[in-house]
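By our numbering, the letter at position 147 of the sequence shown is numbered 161, and the numbering carries on one by one without gaps. Glycine included, each C-beta is placed from N, C-alpha and C at the ideal position. Predicted model only: the values in this text are computed from it and were never measured.
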Amino acid sequence: LICYRGLTLSVPRILLLLGLVWMALSHIRNIEVFAFIAPLVLAKPMSEQWGMAVVTAARFEERRSLPVVTMLAAVAMVIGAWVTTTTFVAQHEFKFLPAFWPAAAVDVPQQHKAQRVFNTAPFGGYLVSRDIKVFIDGRAELYGEQFVLDYYAALDARDTGQLLDLLDRYRIDATLLSSGSPAGNVLDHLKGWKRLYKDDVAVIHVRSDDKAAAAPAAGSSN
Numbered sequence: 015l016i017c018y019r020g021l022t023l024s025v026p027r028i029l030l031l032l033g034l035v036w037m038a039l040s041h042i043r044n045i046e047v048f049a050f051i052a053p054l055v056l057a058k059p060m061s062e063q064w065g066m067a068v069v070t071a072a073r074f075e076e077r078r079s080l081p082v083v084t085m086l087a088a089v090a091m092v093i094g095a096w097v098t099t100t101t102f103v104a105q106h107e108f109k110f111l112p113a114f115w116p117a118a119a120v121d122v123p124q125q126h127k128a129q130r131v132f133n134t135a136p137f138g139g140y141l142v143s144r145d146i147k148v149f150i151d152g153r154a155e156l157y158g159e160q161f162v163l164d165y166y167a168a169l170d171a172r173d174t175g176q177l178l179d180l181l182d183r184y185r186i187d188a189t190l191l192s193s194g195s196p197a198g199n200v201l202d203h204l205k206g207w208k209r210l211y212k213d214d215v216a217v218i219h220v221r222s223d224d225k226a227a228a229a230p231a232a233g234s235s236n
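Shown next as structure tokens:
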């Protein structure tokens, strides 16, 4: 237990609170989680400090049992979330704009039976929406620090050896990168790789021993 000016927190609550703080500081997307859960962690200790717990419990006992109230509240939250989400989705059309996402390019690796595609992280969400396996996406914390560092080093392509090492290590047989990426420009000149497709959004390279014919490019291709 830790006590600060009358506010006592148990070890589990302290660990949970510290975990929430760490998550919020690590990734912006977790700030909402911290803002939602942290007050719940502190609610009981603060009510006990202010002498409100006994009064609140007594009122619940007078009206109805706490388990019933909890169950009804949970059901209400589920129904409310479902109604809100359904209504919002029905009134808003979600679609990826071809000007920003590789809509025209994404089928090319599949047409050439590419099994392992090295994609740039911003394309990950679109690929996931198309049920296509990704090398990486925007959820960097799921992949581990070293993996992400290796990815950025390969994408930057300042060291050609690092790029080739990553492609060989993960047995990559095709790449799907943004059209202006350094790695894409380097692959244009590397032995063993050839450009298969390029438009204003994406560029695709495959290993040059691929006997499939090159797909037509919206922009330019080799």
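Give the straight-line distance between the Cα atoms of residue i and residue j, rounded to the nearest whole angstrom.
{"i": "N199", "j": "S193", "result": "8 Å"}
{"i": "R27", "j": "H41", "result": "21 Å"}
{"i": "V82", "j": "E159", "result": "45 Å"}
{"i": "I4", "j": "F50", "result": "Lying before the first or after the last residue shown, residue 4 is absent from the chain, which here runs from 15 to 236."}
{"i": "S222", "j": "A118", "result": "22 Å"}
{"i": "V97", "j": "A88", "result": "14 Å"}
{"i": "L39", "j": "R153", "result": "15 Å"}
{"i": "P116", "j": "Q124", "result": "13 Å"}
{"i": "A52", "j": "S61", "result": "14 Å"}
{"i": "S235", "j": "N44", "result": "Confidence in S235 is poor, its pLDDT being 47 and thus under 50, which makes the residue's placement too unreliable to answer from."}
{"i": "A155", "j": "D170", "result": "Reading off the sequence, residue 155 comes out as Glu, not Ala. Cα to Cα, the separation comes out at about 20 Å."}
{"i": "L204", "j": "D213", "result": "20 Å"}
Using 8 Å as the threshold, is the C-beta distance between residue i and residue j below it?
{"i": "A168", "j": "L190", "result": "no"}
{"i": "F114", "j": "V131", "result": "no"}
{"i": "L23", "j": "P59", "result": "yes"}
{"i": "V220", "j": "A128", "result": "yes"}
Once the 5 residues before and after residue i are set aside, which same chain residues still bring their CB inside 7 Å of it?
{"i": "D151", "result": "A135, G138, G139, V142"}
{"i": "V122", "result": "L210, Y211, I218, A229"}
For residue i, does the count of other Cβ atoms within 10 angstroms reach 16, so buried, or fall short, so exposed?
{"i": "L181", "result": "buried"}
{"i": "L34", "result": "buried"}
{"i": "Y166", "result": "exposed"}
{"i": "D187", "result": "buried"}
{"i": "V120", "result": "buried"}
{"i": "W36", "result": "exposed"}
{"i": "H126", "result": "buried"}
{"i": "L266", "result": "The structure shown does not extend to residue 266, since the chain spans only 15 to 236, so no value can be given for it."}
{"i": "L177", "result": "buried"}
Looking only at its own chain, which residues have a Cβ that is under 8 Å from the Cβ of residue i, when we skip the five neighbours before and after it?
{"i": "R172", "result": "P196"}
{"i": "V162", "result": "I150, A154"}
Just grab the DSSP bridge partners of residue i for me.
{"i": "I218", "result": "L190, Y211"}
{"i": "N133", "result": "L190"}
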